[in-house]
Amino acid sequence: MAEKIWLSSPHMSGKEQHYIREAFDTNWVAPLGPNVNEFESSIQSYLREDCHVAALSSGTAAIHLGLILMGVGNGDEVICQSKTFSASANPIIYQGAIPVFVDSEKDTWNIDPEQLEIAIKDRISKGKKPKAIISVHLYGMPYKVDEIHDIAQKYDIPILEDSAEAFGSTYNGKKCGTFGDISILSFNGNKIITTSGGGALIAKNKEYRDKAIYLATQARENAIEYHHTEIGYNYRMSNIVAGIGRGQMTILDEHVKARRSNFEFYQEEFKNFDSISFLNEDNKSYSNRWLTTILTASFEEREAIRLALQNENIESRPLWKPMHMQPVFNKYPKYTNGVSEDLFNRGLCLPSGSNLSAEDLKRVSDALKKCMIHV
Ligand SMILES: *Cc1c(COP(=O)(O)O)cnc(C)c1O
32 MAEKIWLSSP HMSGKEQHYI REAFDTNWVA PLGPNVNEFE SSIQSYLRED CHVAALSSGT
92 AAIHLGLILM GVGNGDEVIC QSKTFSASAN PIIYQGAIPV FVDSEKDTWN IDPEQLEIAI
152 KDRISKGKKP KAIISVHLYG MPYKVDEIHD IAQKYDIPIL EDSAEAFGST YNGKKCGTFG
212 DISILSFNGN KIITTSGGGA LIAKNKEYRD KAIYLATQAR ENAIEYHHTE IGYNYRMSNI
272 VAGIGRGQMT ILDEHVKARR SNFEFYQEEF KNFDSISFLN EDNKSYSNRW LTTILTASFE
332 EREAIRLALQ NENIESRPLW KPMHMQPVFN KYPKYTNGVS EDLFNRGLCL PSGSNLSAED
392 LKRVSDALKK CMIHV
């Protein structure tokens, strides 16, 4: 059997172990230390000098703290893009709040401005103004930032920008991860850079960042005796893991280039198959192409391709199943237009790692082409 080709696997720069060794040599083996500080400032200078970064144990923890900072509590409603990974929505439930799912538009596959406004008006008419909106740059493709943020501003609702899959993407020349009132990144093993597991909260406002760190360290007050006035969490990033992050930051832009070049390769290879289409950028968006995604003619064609790849030991995955279709979430309010369900039925994510070789890519392409001739 040929070696397995993964959807998206970790890709080290070679510098990571230096920072880890430094942490051991100086005995900073703790959920704080120089690597954490340096990792935070390198993220900050990559994104924008005037944003404030808190390195945390995961992207999910960052979303959870973001909702707390926005004052989301028991019985509140939070609008959430339905087409996303469950980690965007789970923290709403941690807070005892109610998710309200909103469908996607066809251009970026992200939250639909039209459905969003319908949802906001309807929730307000029911006496429940949403406390926050969670919008997601899925697969690295920026959502319609201008439109979505205009609507949020019109109704004065804060945005939590889930940029877990879009580190390195830009919109109107600005980095994703800087648009939300609060934004988050993830450094899980499959993301464009990884710390093995980790995340970050990004805030325009330094008070939010400081409060996030306070909550992430058990809400410990600045007193010699352990003194608490609030419930806290153990969500800080460890200094070992942050060492991996420092090494990874040195090659983030190379990873973006490599993933974009994977996309271009696939696009070129499959240009003669009328039933296969790609997700295109517009004049405002620049995607990190975290995953290359294709849309096929039908569920049957999608499954034929997926199984043909699996037969050749190549991992692929249907586009994420929308939250409003998940058994755990389908009882909550939803505003749908059929787009995300259709994408789920016909779409497929292809191997997209920055460490794929030309031979790997060729293997994927050959397997897909062979199958297309038979369907
Ligand atoms: C990965 C991911 C998260 C969660 O990040 P973790 O670091 O795995 O907790 C959140 N949202 C989206 C869209 C993701 O892809």
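Residue 406, in my numbering, is where the sequence shown stops; the numbers in between run on with no holes.
Ideal Cβ positions, reconstructed from N, Cα and C, are used throughout, including at glycine.
- prompt: I129: which of V84, L381, S227, K160 sits nearest, CA to CA?
  reply: K160
field: Candidates R320, S119, E108, N121, of which the one nearest S364 by Cα
entry: It should be pointed out that residue 364 corresponds to Pro in this sequence rather than to Ser. It is E108 whose Cα lies nearest to the Cα of P364.
For K205, the residue or residues it bridges with in DSSP: Y202
query: Going along the chain, which residues of its own chain have a beta-carbon closer than 6 Å to the beta-carbon of A127, five neighbours each way excluded?
result: It is worth fixing the name first, because residue 127 is Gly in this sequence and not Ala. Excluding sequence neighbours, G127 sits near N105.
query: Which residue from K362, F301, E69 puts its Cα closest to that of K401?
result: F301
task: Could you tell me whether the segment 185-203 touches the segment 113-127, using the rule of 3 or more Cβ pairs below 8 Å?
output: yes
- prompt: Mapping DSSP to helix, strand and coil, what is Q112?
  reply: strand
message: Can you list, in chain order, the residues of its chain with a C-beta nearer than 8 Å to that of G228? Leave out the 5 residues immediately preceding and following it.
response: S88, S89, F218, N219, G220, V272
Between the CA atoms of L374 and E331 - distance to the nearest angstrom: 13 Å
task: Excluding the 5 residues preceding and the 5 following S237 in the sequence, name in chain order all residues of the same chain whose CB lies nearer than 6 Å to its CB.
output: According to the sequence provided, residue 237 is Lys. The question's Ser does not apply to it. These residues qualify, in order along the chain: H83.
message: What I want to know is whether the C-beta of A195 ends up closer than 7 Å to one or more non-hydrogen atoms of ligand 1.
response: yes
- prompt: Taking the alpha carbon of T225 as the point to measure from, which residue in R154, Y257, M280, Q184 has its own alpha carbon closest?
  reply: M280
field: Burial state of I179, where buried means 16 or more other Cβ atoms lie within 10 Å
entry: buried
query: In terms of residues, what are the limits of the beta strand (DSSP E) holding V133?
result: 129-133
- prompt: What are the start and end residues of the alpha helix (DSSP H) that includes S156?
  reply: 144-156
field: Cβ neighbour criterion (16 or more within 10 Å) applied to E256
entry: exposed
query: Does at least one heavy atom of ligand 1 sit under 7 Å from the Cβ of T91?
result: yes
message: For ligand 1, I want to know if N66 counts as a neighbour, meaning its beta carbon is within less than 7 Å of at least one of the ligand's heavy atoms.
response: no
- request: Give the DSSP bridge partners of T281, in chain order.
  value: None; T281 has no bridge partner.
- prompt: Does ligand 1 have a heavy atom nearer than 7 Å to the CB of T324?
  reply: no
query: Just how far apart, CA to CA, sit D56 and W140?
result: 47 Å
query: With distances taken between CB atoms, is the gap from T327 to S383 smaller than 8 Å?
result: no
query: Using the C-alpha atoms, what's the distance from K235 back to Y186?
result: 20 Å
query: For R291, which residues of its own chain have a beta-carbon under 6 Å away from its beta-carbon, when the five flanking residues on both sides are left out?
result: R320
query: Ordered along the chain, which non-local residues of its own chain (more than five positions away) have a Cβ less than 6 Å from that of E343?
result: A398
message: I want to check one thing, is the minimum distance from the CB of K222 to the heavy atoms of ligand 1 below 7 Å?
response: yes
message: Using only the alpha-carbon positions, how far apart do G171 and I215 sit?
response: 13 Å
- request: List the whole-angstrom C-beta distance separating A93 from G230, where the pair is believed to meet the contact cut-off of C-beta under 8 Å.
  value: 4 Å
message: As a quick exercise: from V395, I233, G211, E372, pick the residue whose alpha carbon is nearest that of R337.
response: V395
query: Grouping DSSP H, G and I as helix and E and B as strand, with all else coil, what is T225?
result: coil
query: Quick one, which of F70, S308, M32, D212 has its alpha-carbon nearest S329's?
result: S308
- prompt: Out of Y239, K362, Q357, E69, which has the shortest C-alpha to C-alpha gap to L98?
  reply: Y239
query: Should F116 be counted as a contact of ligand 3 given a C-beta to heavy atom distance under 7 Å?
result: Judged by which ligands are present, ligand 3 is missing from the structure shown, whose ligands are ligand 1.
task: With a 10 Å radius around its C-beta and 16 neighbouring C-beta atoms as the bar for buried, classify E442 as buried or exposed.
output: Any property of residue 442 remains undetermined from this structure, which presents the chain solely from 32 to 406.
query: Looking only at its own chain, which residues have a Cβ that is under 6 Å from the Cβ of K315, when we skip the five neighbours before and after it?
result: Y202, N203
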